[in-house]
Each structure stands twice: as structure tokens, then as C-alpha cells.
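Worksheet for the structure shown next.
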Amino acid sequence: MVRAVPAIRRDPLAFLAGLVGRYGDLVAFPMPRTPALLANTVPAARRVLVERHAGYTKRTAQYGALSLVTGTGLLTADGEEWRHRRRIDQPAFHHSGLEEVASQAVAAAQRVRARVPAGGGVVDVDAAVLQATLEVVGRTLFGGAVAQDGERVVAAVLEALDVVVSRVRTPAVVPAAVPTPRNRRLARAVRTLDQAAADVVAHRRQAGVRDGDGDLLALLLRAADAGELTATQVRDELVTMVIAGHETVASAISWTLHLLATHPGEQARVHAELDEVLGGRAPAWADLPALARTRAVLDESLRLYPPAWVVSRRAVVDDEIDGVAVPAGTLVIISPWLLHRRPDVFADPEAFRPDRFLGDAARTVPRGAYLPFGAGPRLCIGRDFALVESVLVLAELLRDHAVLPVPGHRVRAEALVTMRPHGGLPLRVLPRG
Ligand code: HEM
Numbered sequence: 101m102v103r104a105v106p107a108i109r110r111d112p113l114a115f116l117a118g119l120v121g122r123y124g125d126l127v128a129f130p131m132p133r134t135p136a137l138l139a140n141t142v143p144a145a146r147r148v149l150v151e152r153h154a155g156y157t158k159r160t161a162q163y164g165a166l167s168l169v170t171g172t173g174l175l176t177a178d179g180e181e182w183r184h185r186r187r188i189d190q191p192a193f194h195h196s197g198l199e200e201v202a203s204q205a206v207a208a209a210q211r212v213r214a215r216v217p218a219g220g221g222v223v224d225v226d227a228a229v230l231q232a233t234l235e236v237v238g239r240t241l242f243g244g245a246v247a248q249d250g251e252r253v254v255a256a257v258l259e260a261l262d263v264v265v266s267r268v269r270t271p272a273v274v275p276a277a278v279p280t281p282r283n284r285r286l287a288r289a290v291r292t293l294d295q296a297a298a299d300v301v302a303h304r305r306q307a308g309v310r311d312g313d314g315d316l317l318a319l320l321l322r323a324a325d326a327g328e329l330t331a332t333q334v335r336d337e338l339v340t341m342v343i344a345g346h347e348t349v350a351s352a353i354s355w356t357l358h359l360l361a362t363h364p365g366e367q368a369r370v371h372a373e374l375d376e377v378l379g380g381r382a383p384a385w386a387d388l389p390a391l392a393r394t395r396a397v398l399d400e401s402l403r404l405y406p407p408a409w410v411v412s413r414r415a416v417v418d419d420e421i422d423g424v425a426v427p428a429g430t431l432v433i434i435s436p437w438l439l440h441r442r443p444d445v446f447a448d449p450e451a452f453r454p455d456r457f458l459g460d461a462a463r464t465v466p467r468g469a470y471l472p473f474g475a476g477p478r479l480c481i482g483r484d485f486a487l488v489e490s491v492l493v494l495a496e497l498l499r500d501h502a503v504l505p506v507p508g509h510r511v512r513a514e515a516l517v518t519m520r521p522h523g524g525l526p527l528r529v530l531p532r533g
């Protein structure tokens, strides 16, 4: 394992693929204290995430490092604390709120479009989309802008997550309280996020929470007033949603644009759908059912580049996975990125084929084989939010623009907290002829 550390740091995706290629679907890591198992079968993923979920917690290095930033929020909490948060947060993600997500997504995409030079040009699509998705989270879940200066919040999130990643990849980590340069960077980023969360709460308190308000911040503040949440818990929930809800969606949209830029035939099909459904106008909530191809392109992109490329759990009781004993305490690693590339589930798995997710073909994907949003009780609370947002942002960005690769720029996936294009994603964005 010690010898593997440089390879894990260099390219964790290649490392995981190499392990499975060499040792098969269940790989036990020779770790000194903690037994660890990489489980790469559909039944194994279903067992851990769905059937035996109660026997597993999120007390893992991945979630431990993340909680240095998010505190104990919905993403990192376990047991009764998690159930309590999910009860409070759930109504904000109800179907009735999605129409607002739709209109905020289109508005944010229009602000991105406004930054594209009139005759077209090279745009760092990833940076633009990160800003847009942060705005959508702020305006829908918190009923207002996250901060006057959204770029500062995006930068603080990326900075904090960068430190999180390097902690997870380093075998012997210095406790967060020791003022190493890395820990100081983390502390600075967390302070920016604390301040952004405090500003959001203060502005909302000033504006007042009205009886009918159903956005997440209103729910959290009402719960705080009822003595159900402390101020720190409100902060943790806000930061969790910013972290979980914007970089993931930005990653999904960026990878989809990359795949379309490199598959002009598929892009032409999306353009044909947008022409037919929208006829030149901006997309809206009501158009979603008709944008089936755009949605299939997104689904296929989430298969090839799942933003949450690894999901970890800790067994708290003895279990058995695919016939192998898993003692309590074992760290279990499930990688949607690996599962989505199983040739026995997805024919020609490396190929970008949105048709897999259209019509009857979509029904042949086995249950549990496609996990971009996880599975079981800890399924992503923002799944529908993300799908509505991503489809409409893509539709608005592409309805009268085409995206093309930048010659000479090599796009490389970097597996950080989410899977991101290394160094951003410059694309040539041109008006359609
Ligand atoms: C394409 C975008 C997204 C992807 C790929 C994604 C992926 C995931 C995955 C895989 C999980 C489960 C993790 C696990 O089981 O360990 C998860 C959980 C979660 N996601 Fe998302 N997510 C996305 C968008 C969002 C959005 C938009 C929000 C909020 C606005 C959000 C908030 C959360 C939260 C709070 C959890 C924890 C839920 C719980 O445990 O109850 N996500 N997400």
C-alpha cells in the first residue's frame, strides 16, 4: 500500500481500474489497521447501499475529511442525526420547488451566454458553469444570492475541497488544528464559507421568513427558532448544500459539453431536438418532457464521468459481500466510475452512446448498475434538482451555440472530491450558422 501511494496520488482512476484488472471484482487492501475492500459488482453495491445499509455508516476518511468543511450536515451525518436532518430538509426538494429551479437554471445559463463574445470565442466553460450552478443553489435553496461576490465563494469551495483531497490521499495526516500551510489554507477557506453562510442567514433574518416560504433556508431557520437546530447546525446544512449542490452539477454539465464537442454527430442530434422543441425561444420547465435526447446525453455523460466517482462506507456489523466475510470496521469502497464501465452491463462501455438511455433501451439497464446519485436511503436528495437544472442549462447554452474542442488542448479527468476536467474546460463556443 505504501508503494501504491504515488500511483493513487497521480491518477486514482487508473489505480482503481488497474486493481480490478489485476485482482478481479473484490479487492482487499493490505492496510495495517483497517481492513478495506474495493467492491465492484452490482450485487455488492446494492447490498452495501440498499439491502444492508443499516449496517454501514459514513465514518470513513472521505467523509471525515469532507466534514472538516461541511461540519455534520446531511451529507456526512449518520443514524438518528441524519434522519432528523433529512426530515427537516426534504420538503425543500419536493417536486413543487423544481419549477423555481428550472427558471433559475435558465436565468443563470443566460448570464453565461451573455459572456460569450458575439462572434464566438474560447470560453472556460467549467469556470462559467461553476459560477452559474452556485447562483442556482443560492437563489433556489436560500431564497437569494449566496454572496454578493459569488466568485469568492466558488474559490473558497475549490480551495477547501483541494485540501480535503490531499488529506484523503496522504497516509499520515497532520490533525487539522496544527497550523501547517495546508491547514492554514483550509482554515482560511472555511472562514470564507462561515462568513458567506452567516451573511445569508443575516440577510434572510432581516428580510423576514414569511409563513408560506418553503425554501431550505426558511425551513432551517424555522427549525432553529423551534429549538430543533443550533446556529452551527444551520451553518453546516447551508455549507453542505453549497458543496454538494454546485460542483457536482457543474461537473456534469462540463463533461456533457466536452462529450458533445468531441462527438459532433451527437451534438447535431441535440441541436435538432432543441430546434424542434424550442423553435428559437428559451427553454422552460414545461419543455422538460420533450427534451428527451438532451436528457439522454446527460444520463450517458453521468455514466462515463460520474461526478461522485467513489462512495465509501464503514461496516459497523459483520457482513458478507459476494460470499466474502466483511468484518465490522471494514472500509468498503464502491466506485460508480468503475461500475459504469463494466462490459457485462454496458456494451462497448467506453463509447459515448446516449441512445442507451432513450426509450426501451433505458429499461434494460439493470437495477443498481447505474449509480451517479447513489442508491438506497442515502440517495442524493438533490437528484431531481440536478437533472432539471442540468438539462435546462444545456438547452439554453446550446440552442443557438455550438461547442467545439480547442485544438491542442488535452482534456483530462481529475478525480478530486468530484470528477473534474483538469485545469478547467476551454471550449470554442460559436454561434450556430
Ligand atoms: C449531477 C449532480 C449530482 C451528483 C452526481 C450527486 C451525487 C450524489 C451521490 C452519489 C450521493 C450519495 C453519496 C453516498 O451515498 O455516499 C449524493 C448525496 C447527496 N447530495 Fe448529491 N449529487 C448531485 C447534485 C446534488 C445537488 C444539486 C444537491 C443539493 C442542492 C445535492 C445534495 C446532496 C446531499 C445533501 C446528499 C446527502 C443526502 C443524504 O445522505 O441524505 N446533490 N449526491
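Per the numbering used here, the sequence shown starts with residue 101, numbered consecutively.
Backbone N, C-alpha and C fix where the C-beta goes; we use that ideal spot for every residue, glycine too.
Just so you know, these numbers come straight off a predicted model, no measurement behind them.
Helix, strand or coil at residue i [DSSP, three-state]
i           : result
residue 244 : coil
residue 433 : strand
residue 383 : coil
residue 502 : strand
residue 424 : strand
residue 221 : strand
residue 520 : strand
residue 411 : strand
residue 123 : helix
residue 292 : helix
residue 156 : strand
residue 419 : strand
residue 454 : helix
residue 280 : coil
residue 391 : coil
residue 464 : coil
residue 309 : coil
residue 297 : helix
residue 303 : helix
Chain-order list of residues whose beta-carbon lies under 6 Å from that of residue i (same chain, five-residue window excluded)
i           : result
residue 149 : 475, 476
residue 230 : 254, 350
residue 226 : 354, 521, 524, 525
Heavy atom of the ligand HEM within 7 Å of residue i beta-carbon
i           : result
residue 186 : yes
residue 519 : no
residue 481 : yes
residue 408 : yes
residue 486 : yes
residue 472 : yes
residue 499 : no
residue 241 : yes
residue 307 : no
residue 437 : no
residue 340 : yes
residue 348 : yes
residue 385 : no
residue 237 : yes
residue 345 : yes
residue 182 : yes
residue 310 : no
residue 425 : no
Cβ shell of residue i (< 8 Å), same chain only, five flanking positions each side left out
i           : result
residue 506 : 222, 526, 527, 528
residue 157 : 178, 179, 413, 414, 416
residue 216 : 223, 501, 529
Exposed unless 16 or more other CB atoms sit within 10 angstroms - verdict on residue i
i           : result
residue 105 : exposed
residue 487 : buried
residue 305 : exposed
residue 167 : buried
residue 196 : exposed
residue 123 : exposed
residue 518 : buried
residue 371 : buried
Boundaries (first-last residue) of the alpha helix (DSSP H) holding residue i
i           : result
residue 351 : 331-362
residue 181 : 179-189
residue 136 : Not the alpha helix (DSSP H): residue 136 falls in the beta strand (DSSP E), residues 136-139.
residue 111 : Segment: none, residue 111 is in no alpha helix (DSSP H) and carries neither H nor E.
residue 163 : 161-170
residue 320 : 316-325
residue 196 : It is not in any alpha helix (DSSP H) - residue 196 carries neither H nor E in the DSSP assignment.
residue 150 : That residue, residue 150, is in no alpha helix (DSSP H); it is neither H nor E in DSSP.
Segment limits, beta strand (DSSP E) that includes residue i
i           : result
residue 529 : 526-531
residue 129 : 126-129
residue 513 : 513-515
7 Å Cβ shell around residue i - same chain, five flanking residues per side excluded
i           : result
residue 323 : 188, 329
residue 259 : 285, 289
residue 428 : 415, 416, 417, 418
residue 117 : 438
residue 392 : 458
residue 318 : 243, 309
Check: residue i C-beta below 7 Å from any heavy atom of the ligand ADP
i           : result
residue 502 : Ligands displayed in this structure: the ligand HEM; the ligand ADP is not among them.
Interface flag, residue i vs chain B, CB-CB below 8 Å
i           : result
residue 281 : Of the chains in the structure shown, none is chain B; there is only one protein chain.
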